[in-house]
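Structure first, commentary second.
This is the structure we're talking about:
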């Protein structure tokens, strides 16, 4: 198992991030649903148990065009679908990913906590000593970390973006994380495990790099640069947007399935 803790420092308040993250997820879901792949929202509803209460979501993620062509050609359909189940009791959230084809041989879980500050807390998620000894801390810089040229979008570049509504940005210095105000950090503890002898280390590293870190970097670059779209929205506004997004995605997925027949 490979355990990493990603720390994403942002020029936002913890309260702002709650709305920003939900808005970003809805918009990214719509953008990524096309040409046989994308996201289907199965459930999005409040939950409450003995430990917490918040919003529960169950999604299906279709990966047909995200894999190399040879892999998509030889793998069964069940291997091209990932299920995401998330319990969002903000500022804490737990997300679990699974793939029916691999069963218990492939597991990916993410625990997140969102706190004010510049990522200084060494054990924000109250990990035990065994986990602390195994984890690798990785601080993500949304402005300065390299991004693949094919993924670069100028309007989602924090180094050149300036918000009209908040006057935040551009994040054009190497040490912007040390001076920006307001400031908060997303702490994300990620467990990745692939129980196939001979492939475990390589696949776990690919999952952490391509499946998690790269996604977090791109998503949070967009989240900041979309601030003028979500700033001022309420949770009620977000729930309405989520419901509209769910209906739109269901329609897209249905149309894509019809084309396959």
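In the working numbering, the protein residues as written are 53 to 313. We put the CB at the ideal spot given by N, CA and C, even for glycine. Since the model is a prediction, treat every value here as computed from it, not as a measurement.
Residues of its chain near residue 237, where Cβ-Cβ distance is below 7 Å and the 5 sequence neighbours each way are ignored:
59, 60, 61, 167, 169, 170, 171
Going by beta-carbon coordinates alone, are residue 113 and residue 136 separated by less than 8 Å?
yes
Could you tell me whether the stretch 291-304 touches the stretch 69-81, where touching means 3 or more Cβ pairs closer than 8 Å?
yes
Counting only the same chain and skipping the five closest in sequence on each side, list residues whose C-beta sits under 8 Å from that of residue 53.
186, 243, 244, 245, 256
Going by other Cβ atoms of all chains shown within 10 Å of its Cβ, with 16 needed for buried, is residue 278 buried or exposed?
buried
Would you tell me roughly how many angstroms separate the C-alpha atoms of residue 285 and residue 251, rounded to the nearest one?
45 Å
Thinking just about the alpha-carbon of each residue, which of 106, 89, 235, 161 is nearest to the one in residue 241?
161
Where do the N-terminal and C-terminal ends of the alpha helix (DSSP H) with residue 80 fall, by residue?
66-84
Check whether the Cβ of residue 304 sits closer than 7 Å to any heavy atom of the ligand GTP, and report yes or no.
This structure does not include the ligand GTP; it has no bound ligands of any sort.
What ranges does the alpha helix (DSSP H) occupy inside the stretch 271-305, keeping only unbroken runs of at least 4 residues that lie completely in it?
279-282
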